[in-house]
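Numbering (full-length UniProt numbering), first residue to last: 1 to 736.
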């Protein structure tokens, strides 16, 4: 397909302004595949809008030796006057042997002189756009070194996509691809929680919806830019040939396309030919595998057109195009090309994932082979249906894939959410209220109040029906208010304190923790200056000065629970369940402890507060889940360290450890039902049992008793406070 490489530049006043460093994953001219056309479309659009400050491209020293035909001169001409920075791609075997970094990322290393080169040629750069997951290490180096906001463009859910490639690969290559797919999946999940990312721009609406439920950064749907790389000025017209022809375009060395043409050849094409014996099927694409060549050769009426100069010729010669995707994720760029050209399309539902299209109007959609065949026949034999469907699809494609709107969305991610605090002064203690949930903790509460300024507002939510006379403190401390919590647990009491407050910031503090007024102010001011965060939490330490387990962590998964069970989190601290922050290492986990945590009061209420299913423990994990789903972050402040006497503000430690285990079991039951949740619970129990045995063997009977309590709660899902069951009965209510 011919693509003009004439320079395009000159800003459009209706577009955002800026100076972006764009990081590609490889040279994209000539643009033969979908990923290359998507790269080309974005670079053309950004250059035309005057946004492109520099283009960074990993390149091979000998492209021909690895089967590539890169045209770097054409790329330079395309983006001029913006500079192109070539950095070396390293395909050495040792890059595949790194423990945590997938080969596709490790083979794109960051050169030592990258920052100096960029600073020299693009001193006005104010943002970074990484246009592929594969280059995220390069993009991060630029973002960190130049202190710039950065957006990642995602083309797929990379883990599932590479798993589908593994499923389509022959043995033993499938094993190697599967191992790489799992490393990619783990790396992608870590990336989604990265504090250095300003946001993720997903090419697929479906992928964006799923990713936003699990990511710790804002995720937005930004339709394909590939439209800007296509010759859409020549719309499809129904061919005059008497031979009814259907066309498939795609890279023929990709497993998902192999799956697609195999399904169509075996299940659909014979039904089409039975009704239209003269019909022809043109399969057009680059680098067909031997399996694809054999398939087309043995399929009656099928013709292979490999590595052609202009696939659009075959598109315009066909009466219909097919998109029979049965595997993979992301967006089929071929479908974008079909629709933009105006050729009528028949697709599977998977093939339309991620594009907001109307089946039956913009295209025909069917997953049943007989219905798929009937739709193909209808388009080949009914001129009115074909032209109406093709015209509708073209108009929708041109509307949905507006590159200006896409650039504006990316600019919005780079800018971050609107800063609602910009118009007010830096908050002080008068803008805060501390919420203390007390259970027979009068002495702890009094110690805290004595150490804080008199004008600091404090709400004590009492869960012990004033058994310790804590209500009397309101007469001694003028800014103290007493609230009866009803004895229904921490989550419910904390919500009651927060929703009854009139302050813009609420700080939850455990009575047995010891934050100073300066600590509280640091949390609130950090939160006020962080427009992407709903909360800032302190790093709490135990009596021994070590960071407590439960200070924060990540959403449970089978992999994370397995790492925790065998103790690998000691070597891979960010691969386990719980966070272990180090001083000077900013961390944005999936959730943070409520032991000392500042929140925006209005947003906390809007998100539903803590999950009151939980008496205590796991409510903070559930809140983090809600926050992520809404595009907000929970920040863990390693620079605000607060001492905490775990378990001393209420029930005895063993009782609380059992409650912790029961709450975690309840969380898995509530949010991860089914076999995966059971497996996660089993891993957690096995790890706890192993630690208990080791503690007994080394004479640490007290520690073993606590582990036993945790194990009991995990296995039974039951826990008691003052003889009253407070865990399993709640989860049963929710489950039923």
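Glycine is no exception: its CB is placed at the ideal position from the N, C-alpha and C atoms.
Residue range of the unbroken beta strand (DSSP E) whose run includes residue i
i           : result
residue 88  : 84-88
residue 53  : 52-59
residue 621 : Here residue 621 belongs to no beta strand (DSSP E); instead the alpha helix (DSSP H) covers 619-629.
residue 541 : 533-541
residue 569 : Taken as a continuous stretch (DSSP letters only), residue 569 belongs to no beta strand (DSSP E), as it is neither H nor E.
residue 484 : 480-484
residue 740 : There is simply no residue 740 to check, as the chain begins at 1 and stops at 736 in what is shown.
Straight-line Cα distance separating residue j from residue i
i           : j           : result
residue 486 : residue 161 : 50 Å
residue 323 : residue 351 : 6 Å
residue 267 : residue 347 : 14 Å
residue 648 : residue 512 : Low confidence applies here, because residue 648 scores a pLDDT of 47, under 50, leaving its location unreliable and the question unanswered by this model.
residue 694 : residue 703 : 10 Å
residue 563 : residue 588 : 20 Å
residue 667 : residue 721 : 19 Å
residue 357 : residue 514 : 56 Å
residue 167 : residue 178 : 8 Å
residue 551 : residue 658 : 18 Å
residue 254 : residue 289 : 9 Å
residue 216 : residue 297 : 49 Å
residue 355 : residue 34  : 15 Å
residue 424 : residue 157 : Because the pLDDT of residue 424 is 44, which lies under 50, any placement of that residue in the model is unreliable, and the question is left without a value.
residue 66  : residue 59  : 11 Å
residue 709 : residue 696 : 14 Å
residue 28  : residue 95  : 23 Å
residue 528 : residue 601 : 12 Å
residue 293 : residue 377 : 25 Å
residue 207 : residue 305 : 32 Å
residue 396 : residue 610 : 42 Å
residue 61  : residue 73  : 15 Å
residue 719 : residue 614 : 11 Å
residue 578 : residue 539 : 12 Å
One or two residues paired with residue i in a DSSP bridge
i           : result
residue 553 : 578, 591
residue 364 : 346
residue 156 : None, per the DSSP bridge assignment.
residue 323 : 347
residue 162 : The partner list for residue 162 (beta bridge, DSSP) is empty, contrary to what the question assumes.
residue 304 : 283
residue 513 : 644
residue 438 : 462
residue 202 : 154, 221
residue 597 : 508, 537
residue 635 : 536
residue 359 : 363
residue 20  : 52, 127
residue 457 : 433
residue 547 : 541
Limits of the unbroken alpha helix (DSSP H) element including residue i
i           : result
residue 178 : 173-191
residue 602 : 601-606
residue 285 : Run containing residue 285: none in the alpha helix (DSSP H); it sits in the beta strand (DSSP E), 280-285.
residue 492 : 490-499
residue 339 : 333-341
residue 263 : 255-263
residue 410 : 403-415
residue 314 : 312-316
residue 294 : 290-297
residue 271 : 269-275
residue 376 : 369-381
residue 74  : 72-79
Chain B contact for residue i (CB, 9 Å cutoff)
i           : result
residue 118 : The chain inventory of the structure shown lacks chain B, comprising one protein chain alone.
Check whether the region 249-262 touches the region 270-288, taking contact to mean three or more Cβ pairs, one atom from each stretch, closer than 8 Å. yes
Enumerated in chain order, which unbroken segments of the alpha helix (DSSP H) with a length of 4 residues or greater are wholly contained in the region 637-722? DSSP runs (the alpha helix (DSSP H)) wholly in the region 637-722: 653-671, 675-697, 701-716.
Taking 8 Å as the threshold, find out whether the region 533-542 comes into contact with the region 656-667 through three or more Cβ pairs. no
Sufficient close CB pairs (3 or more, under 8 Å) joining the region 426-435 to the region 494-512: yes
Three or more C-beta pairs below 8 Å linking the region 38-57 and the region 16-24: yes
Touching or not, the region 196-206 and the region 174-188, by the rule of three or more beta carbon pairs under 8 Å? no
Under 8 Å: do the region 34-46 and the region 434-454 share three or more Cβ pairs, one atom per stretch? The region 34-46 makes no contact with the region 434-454, as fewer than three CB pairs between them are under 8 Å.
In the region 89-149, which residue ranges form an unbroken alpha helix (DSSP H) of at least 4 residues, counting only runs that do not cross its ends? 103-106, 114-121, 136-146
Can we say the region 366-381 touches the region 254-271, given the rule of at least three CB pairs closer than 8 Å? Counting Cβ pairs under 8 Å, three or more are found: they touch.
Does the region 107-114 come close enough to the region 149-164 that 3 or more CB-CB pairs lie under 8 Å? no
When the Cβ atoms of the region 305-315 are set against those of the region 131-148, are three or more pairs found closer than 8 Å? no
Counting pairs of Cβ atoms below 8 Å between the region 113-123 and the region 198-210, do you hit three or more? Taking a contact to require three or more Cβ pairs closer than 8 Å, the region 113-123 and the region 198-210 do not qualify as touching.
Would the region 473-493 count as touching the region 401-420 if we require 3 or more Cβ pairs under 8 Å? Inter-segment contact for the region 473-493 and the region 401-420 is absent: fewer than three beta-carbon pairs are separated by less than 8 Å.
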